[in-house]
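Number of protein chains: 2
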Amino acid sequence: MTIAIVGGTGPEGSGLALRWAQAGETIIIGSRDAKRASETANKLCEKIGAKRATGTENKFACADAEIVVLTVPFEAQAEMLKHIKPSLRPGQILIDTTVPLAAGVGGKPTRTLGVWQGSAAQQAAELVPEGVAVVAAFHNLAADLLNQDRPVDCDVIVCSDDKQAGKRVRELARKIPGVRALDGGKLENARIVEQITAVLIGLNIRHKGHSGLRITGLPAESYEN
Amino acid sequence: MTIAIVGGTGPEGSGLALRWAQAGETIIIGSRDAKRASETANKLCEKIGAKRATGTENKFACADAEIVVLTVPFEAQAEMLKHIKPSLRPGQILIDTTVPLAAGVGGKPTRTLGVWQGSAAQQAAELVPEGVAVVAAFHNLAADLLNQDRPVDCDVIVCSDDKQAGKRVRELARKIPGVRALDGGKLENARIVEQITAVLIGLNIRHKGHSGLRITGLPAESYEN
């Protein structure tokens, strides 16, 4: 499976790339700047001691991938989706990790913006070609935790209107050591999952930590399907 | 400390009453129907084998309490606050547990309503007399878990503009076995904490469980202050 990370030189994108490359996946780091993308990919290969990542401009990265992961800030999301749209094709999965933080327009990172469609993920769904399955996930999994050298202590809530795509993304999430992935239902539910990130950021600021989320009280198979 | 539970005959209210009575607090069960309130209080006393609860009409319940806990459904919240307002006085703490679920107006329990003030808690803050500190908490702690005979596996995120009141409510939350309480910052943050409940309800429906929330990755003292 080849995974393109759009915005893959940023902290969240490179953190996901690191974890999936360590798990044996093939990664294409995407960036506005192909040279930076290559440099990030080379560093990643060096770090894990295996040639599992390459780097290129975002649009080219998407063309060669089965799964495209969008990890740019909210204020760049719509523009980036329009930019990569010609490279997207039916059958691909687009994982949207975007959180509409007010920080993106000069506000606080503990506040969020209202998105007309309900959530950043639903905005993404409007902007991809027909046949591309949009899955919202990884909002609550901090870059700092991904880039640490130990398992994370976090659950990932996955929302999608495409059940098969959601299942594939949950399987992908579970390749990150420590992650339990849960079916969060329809894509519209992403509006809440996205917002949880602002609460976690507030807790991090207040308590100087790297907070994550665990969901308790569900049968074991909930975390496995 | 005397705690009045407005809507105390409902599942969430009676669950909180049970846990706090077991911890040695004095409880006044409030209800629209004083007789039902008394019956619920008597059952509670029988269950715990101690005379720590009485029951009366909501307005009378509030008059005698230092802490008032509002556990009515969202669609009854504003009306109830107007009803009890004459009994509220400066120095009291009002704990708002309200979640604006769309189910309240015939929609789904996995969807929420937009509240003009931003959250049910902020709506409450508009409706109490000056000097009453509003604290938002316990949204994510399911009645089913409170009414079980074992510790809960849940964190409680507490939001308030009154730091002292927030601290008191965190201390009160910790009297429920298993609860870790966290400072969720200002009351405005309740808008997200309230919404998390809809995600948990969705998980419960999908996976037939009683889900709760744990926050990971924070220093131990975050859960103690």
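Each protein sequence line maps, in turn, to chains A and B.
Quick note on the working numbering: the first sequence kicks off at 961 and runs consecutively.
Quick note on the working numbering: the second sequence kicks off at 961 and runs consecutively.
The beta carbon of each residue, even a glycine, is placed where N, CA and C say it ideally should be.
In the DSSP annotation of this structure, the continuous segment of the alpha helix (DSSP H) that includes R1166(B) starts and ends at 1150 to 1167.
Interface flag for R1130(A) against chain B is unset, since no Cβ pair is found closer than 8 angstroms.
Comparing C-alpha distances from V1116(A) to each of L1073(B), R1130(B), R1174(B) shows the shortest one belongs to R1174(B).
The C-beta of Q1124(A) comes no closer than 8 angstroms to any C-beta of chain B.
The beta-carbon distance between K1146(A) and V1088(A), rounded to whole angstroms, is 17 angstroms. This is too long to meet the 8 angstroms contact definition.
Looking from the CA of Q1052(A), the closest CA among A1150(A), R1128(A), I1156(A) belongs to R1128(A).
Beta-bridge annotation (DSSP): T1016(A) is paired with G990(A). At a cut-off of 8 angstroms between C-beta atoms, G968(B) does not count as an interface residue with respect to chain A.
Of the candidates R1166(B), N1185(B), T1157(B), T1157(B) places its Cα closest to the Cα of G1172(B). Around the beta carbon of I1161(A), 16 or more other beta carbons lie within 10 angstroms, which makes this residue buried.
As the crow flies, the alpha-carbon of G1066(B) is around 13 angstroms from that of P1033(B).
Interface annotation for the segment 1106 to 1119 of chain B against chain A: D1113, C1114, I1117, criterion Cβ-Cβ distance under 8 angstroms. Here D1056(B) is not near A964(B), since their CB atoms are 8 angstroms or more apart.
Residue-level contact by beta carbon holds for R1166(A) and chain B, with a gap shorter than 8 angstroms. Neighbours of T1070(B) in chain A, taken as residues whose beta carbon is under 8 angstroms from its own, are G1145, N1149 in chain order. When DSSP states are grouped into helix, strand and coil, A1021(B) belongs to the helix group. The C-beta separation of G990(B) from T1016(B) comes to about 7 angstroms, placing the pair in contact by the 8 angstroms criterion. Take I1136(B), set aside five residues on each side of it, and the residues of its chain with a beta-carbon closer than 7 angstroms to its own are R979, V1112, in chain order. Contact between the segment 1082 to 1099 of chain B and the segment 1117 to 1126 of chain B is present: 3 or more CB-CB pairs across the two stretches fall below 8 angstroms. Cα atoms of Q982(A) and L1106(A): separation of roughly 12 angstroms, rounded to the nearest angstrom. Contact check for C1114(B) and V1153(B): beta-carbon distance about 12 angstroms, past the 8 angstroms limit, so the pair fails to qualify. Excluding its 5 nearest sequence neighbours in each direction, A1001(A) has C-beta neighbours in its own chain below 6 angstroms: I989, A1013, T1014, G1015, listed in chain order. Between L1004(B) and A1021(B), the C-beta gap is not smaller than 8 angstroms, which leaves the two residues out of contact. A distance of 8 angstroms or more separates the beta carbons of R1151(B) and Y1183(B). Annotated three-state conformation of C1005(B) is helix, per DSSP. Per DSSP, reduced to three states, the secondary structure at I1136(B) is coil, with no helix or strand assignment.
For R1140(A), the nearest beta carbon of chain B is not closer than 8 angstroms to its own beta carbon. A Cβ of chain B is located within less than 8 angstroms of the beta carbon of R1174(A). Assignment of beta strand (DSSP E) within the segment 1059 to 1120 of chain B, counting only whole runs of 3 or more residues, yields 1093 to 1096, 1115 to 1120 in chain order. Around the beta carbon of D993(A), a 10 Å sphere encloses fewer than 16 other beta carbons of the protein chains shown; the residue is thus reported as exposed. Taking C-alpha positions only, V1092(A) is separated from R1049(A) by approximately 6 angstroms. Interface flag for I1152(A) against chain B is set, since a Cβ pair is found closer than 8 angstroms.
Residue contact check for I1156(B) against chain A: a CB pair falls below 8 angstroms. Taking a Cβ-Cβ cut-off of 9 angstroms, the neighbours of L1163(A) in chain B comprise I1117, L1142, D1143, G1144, G1145, I1175, G1177, L1178, S1182, given in sequence order. Close to G1169(A), with beta-carbon spacing below 7 angstroms, are these residues of chain B in chain order: G1177, L1178, P1179, S1182.
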